[in-house]
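Numbering (the numbering used here), first residue to last: 313 to 881.
Virtual Cβ for every residue (Gly too), placed ideally from N, Cα, C.
Every value quoted in this text rests on a predicted model; they were computed, and no experiment measured them.
Accompanying notes for the structure given below.
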């Protein structure tokens, strides 16, 4: 068991003076008030129907315990009990977050819905003789700090009745088992499996760890709903391991909490990010229509001559798969090619895909930006910066960022920044804002990866200082997505509400495939290096991302994993 010499617990109400009280994280709010959204169905009403259950998001907490490392090896965490729970609703578990960020989290509380319509909500296997919520049978002590001293924490797992699942962990300051009325367990058919996500705290050398959780299955058609609680354990837990704690399941087939079309426009107008491009960017974005109008050509396998593309993309092959039978290329003449490569900022617009997230409790507003050309890479090797001639370039570039909105309130919760083959979620408190609640997105030079802050980001081996430079900074080149956008898809609204453009269903590549002799450029780099830091060509290849070694046009938005799935990070 962990000793207090390396890990300390601080009781909020303890009069034990040996430990200096930890500073409590302060609540976060967006820079500007959230407006009144246009009236609709169930969006931003404060409550969400999940079928047999109705849930409310609680964001007010009472600090129960805080922990920190005496040796500064851990950032520490604070554990919170939700307060202000509405009458008739029940707690499902407690909340936890790191001490080094503002207080901004939530847990869901639930109650059984009254007056259910069986044909609407009971379209799944369910035994209505059993209530949706039940008290736990008792609790199991998962872990505690030193039991002989004040300021010790006790972590309890609710033991659910047969056919029910626990949704969260409780924390107390005494060894007495919590009251069985403190939380509720949920009938198993109303739950989904969940997995650990980010590590919140590790207790030094002790095996005790704390994580937040997310549904195992994520995407616009998945039903798992995160409760906002945490998981902790004294044994190793793998990322994909099914946990003893579950998530909720949204069994409302109509997804009443999702915004309607008018509300979507209001959200974009209020939260639409401003995308800044590098001052030296010579591969700016354009609209897809400008790209087609200015000479983009459609090629078919076996044909030497490309065909002009209708400005709406109506003559592009629709549907199917990326089978290599067709591809798009720049105009055939040199002047036309060079003109299109530069892009056209005046015509640029963001293409918006709106979809349910986290079981319909959040809305993802995915904003796609199109650039006719991705410029060559700029390599960093220690203190040296080397502009490549061809490596890294390709015709057409589709990048995106995603605004994640809470369907309880309409509040911006996170933004996803796409960065080549991956990306990162950034919480609203760690964003930069330019006007009201509109965040800033920095697009890197040539590669158009998205970042939340200006700077130089290395794609490759950060430890060795070798890789592709992603330089991002504010400039006079920008696009305001709150006004320059077009909604291209929102499947949950039903047929005919949003008309998808013809080009969206073109599933082949938006550029030709060209394989380079990378050795010549890499040999040039090696010859520039001091003898004692030279690598073999094989090692250089291992350090640099694979997209450097040839030119391959990307597929369009619908062919990307995140069109139906969750973002990759």
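- Setting aside the 5 residues that flank it on each side, residue 601 is surrounded in the same chain by 623, each with a C-beta closer than 6 Å to its C-beta; the list follows chain order.
- Between the beta-carbon of residue 741 and that of residue 416 there is about 6 Å, and that keeps the pair under the 8 Å contact cut.
- Under the criterion of beta carbons closer than 8 Å, residue 425 and residue 361 qualify as touching, at roughly 6 Å.
- Our two residues, residue 400 and residue 368, have alpha carbons roughly 11 Å apart in a direct line.
- The region 751-770 and the region 582-598 touch, with three or more beta-carbon pairs separated by less than 8 Å.
- Counting only runs of 3 or more residues that sit fully inside the region 327-412, the beta strand (DSSP E) segments are 359-361, 365-370, 373-380, 389-394, 407-410, in chain order.
- In the three-state reduction of the DSSP assignment, residue 801 falls in the strand class, which pools E and B.
- Excluding sequence positions up to five before and after residue 494, its CB lies within less than 8 Å of the CB of 403, 482, all in the same chain and listed in chain order.
- Taking residue 375 as reference, the option from 358, 338, 356 with the minimal CA-CA separation is 338.
- The Cβ atoms of residue 537 and residue 675 do not sit closer than 7 Å to each other.
- The Cβ atoms of residue 373 and residue 345 lie no closer than 7 Å to each other.
- For residue 728, the enclosing beta strand (DSSP E) covers residues 724-731.
- For residue 706, the enclosing beta strand (DSSP E) starts and ends at 706-718.
- Around the Cβ of residue 876, a 10 Å sphere holds fewer than 16 other Cβ atoms; the residue is exposed.
- Residue 612: member of the beta strand (DSSP E) spanning 609-612, first to last residue.
- A direct Cα-Cα distance of roughly 8 Å separates residue 753 from residue 744.
- Counted as a single uninterrupted DSSP element, the stretch harbouring residue 621 is not any beta strand (DSSP E), since DSSP gives it neither H nor E.
- Relative to residue 788, the option among 658, 578, 488 whose CA is nearest is 658.
- When rounded, the separation of the alpha-carbon atoms in residue 738 and residue 727 is 5 Å.
- Pairwise C-beta distances place the region 781-801 in contact with the region 675-694, as three or more of them are shorter than 8 Å.
- By the 16-neighbour rule on beta-carbons within 10 angstroms, residue 487 is exposed.
- In this structure, DSSP gives residue 578 a helical state, which the three-state scheme calls helix.
- Look at the region 496-546 and you find these whole runs of beta strand (DSSP E), each 3 residues long or longer: 497-499, 503-514, 521-527, 542-545.
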